[in-house]
Amino acid sequence: MGVLISKGQQLSAQTCKSTPDPPQPRGKSQGQMVPRWKGKYAKAKKDAEAEALREPMSKIISQLQSSLVQSEACGFLSDNSVHLAVGAEQIELLDKACFGQPVRSVKKDLVWFQLSLEEAFYLCYSLNCLKIKDGDSGVQSDEELWISMKSKKKTFPYFYKAYSHLRMKNWVVRSGALYGVDFVVYRHHPARVHSEYGALVLSHEDDEDLNGRLRVWSDVHCTTRLLGGVAKILLVMYINKNGNKDESPLCLENYTVQERTITRWVPEQSREKCISC
């Protein structure tokens with residue numbers, strides 16, 4: 001089996017606009033997949049798609065943003081995550097927007113949510129709807145929080161750039177540990193649609209070894225085979241600092257992202273296309 005590497009097309013979920021157009025099916029040969037809506041029967045799948053179009057992810061995130069701002073939400077940095085106590089309304093919105101995981105109840109109507117560093121910084125820095133404290137030092141500024149998160153995760157600037165790059169296009173981004181990748185990427189809520197991509201975050205800089213992935217062909221083949229077995233495409237996101245330092249979050253504006261999709265090339269599936277050419 002060979003490997004097809006496609007130059008990154010700009011990924012765009014059907015919810016990129018507040019009033020999105022219906023998703024257009026795209027062929028797998030272009031490095032993109034037709035959305036696989038969840039449901040046992042065709043009607044259930046159509047209903048899942050219709051629900052997603054009625055309530056696009058951009059609308060849900062806007063509601064979450066407003067709710068967190070109004071409640072002056074504040075999380076607490078602990079190890080490699082941020083803990084946030086939220087009420088009933090925000091529990092539902094965080095779940096619908098796919099941020100964090102509930103960890104335990106504090107009171108009847110109050111639950112602690114555990115956010116990854118990328119999720120927390122996105123809510124704090126990009127959406128400006130969450131404040132974060134680190135121990136007894138009080139609420140941290142964006143620059144202080146950036147330094148704190150870098151100290152906890154050396155690769156944070158790269159991973160955050162990749163995470164925010166996808167989130168800003170209204171893709172849902174979750175941990176990809178189950179599939180041996182950094183992130184899995186969904187068109188909408190995982191309850192409604194299967195993920196389409198498994199993403200790895202890499203760097204163009206020779207001196208940066210983010211995760212040691214895809215350095216040998218056996219890793220490329222194993223990863224594409226694993227993802228192909230669960231109907232996902234490998235998305236490689238190359239983060240380029242362009243010579244910029246990472247001393248403050250302002251550097252993110254000068255970082256660039258190159259997307260590459262890698263799929264297994266199956267001769268039997270490509271023979272007909274070659275003949276028709």
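Its first residue numbered 1, the sequence shown is counted upward by one per residue in UniProt numbering. Yeah, the Cβ is synthetic: ideal placement off N, Cα and C, and Gly gets one too. Only a predicted model underlies this, so the values are computations on that prediction, with no experimental measurement involved.
Taking the straight line between their C-alpha atoms, what separation do you get for residue i and residue j?
i, j, result
"T261", "H188", "20 Å"
"P22", "K59", "Because P22 carries a pLDDT of 29, less than 50, the predicted location of this residue cannot be relied on, and the following value inherits that uncertainty. Spanning the two alpha carbons is a distance of roughly 15 Å."
"R26", "P35", "Since pLDDT at R26 reaches only 40, below the 50 mark, its modelled position is unreliable, and the value read off the structure follows with that caveat. Straight-line Cα distance between these residues: approximately 9 Å."
"D219", "G212", "10 Å"
"F183", "R167", "12 Å"
"K133", "F156", "18 Å"
"D164", "Y122", "The sequence given here has Ser at residue 164, not Asp. Rounded to the nearest angstrom, the two C-alpha atoms are 7 Å apart."
"K45", "L202", "35 Å"
"W37", "T263", "21 Å"
"E259", "K241", "15 Å"
"K245", "L117", "20 Å"
"F99", "V173", "9 Å"
"N254", "G243", "9 Å"
"S62", "D95", "14 Å"
"G39", "S148", "43 Å"
"Q140", "W265", "49 Å"
Rounded to whole angstroms, how far is the Cβ of residue i from the Cβ of residue j, which I believe are closer than 8 Å?
i, j, result
"V86", "V111", "6 Å"
"L93", "L64", "4 Å"
"L200", "V236", "5 Å"
"L115", "L84", "6 Å"
"K161", "L252", "6 Å"
"V257", "I239", "6 Å"
"L210", "Y158", "6 Å"
DSSP beta-bridge partners for residue i?
i, result
"K131", "C74"
"residue 279", "Examination of residue 279 is not possible in this model, given that the chain is present from 1 through 277 alone."
"H189", "Bridge partners of H189: none, in fact."
"A199", "F183 and L235"
"T223", "None; T223 has no bridge partner."
"P102", "F113"
Relative to the C-alpha of residue i, which candidate in the options has its C-alpha closest?
i, options, result
"Y179", "I233, T155 and Y255", "I233"
"D142", "D136, S71 and L130", "L130"
"K108", "E196, I91 and G75", "I91"
"G176", "V185, N170 and K169", "V185"
"A50", "V193, Y125 and V173", "V193"
"C74", "A48, P56 and C124", "C124"
"E55", "I147, L77 and A97", "A97"
"S195", "L227, K169, T223 and Q70", "L227"
"Y197", "K154, W171 and V103", "W171"
"S67", "E89, A52, S248 and M57", "E89"
"P249", "K150, R225, D47 and S71", "K150"
Within the 7 Å Cβ cut-off, does residue i reach chain B?
i, result
"V82", "This model lacks chain B altogether, as it is built from one protein chain only."
Q | Unbroken stretches of the alpha helix (DSSP H), 4 residues or longer, contained in the region 133-171 | A | 142-152 and 156-167
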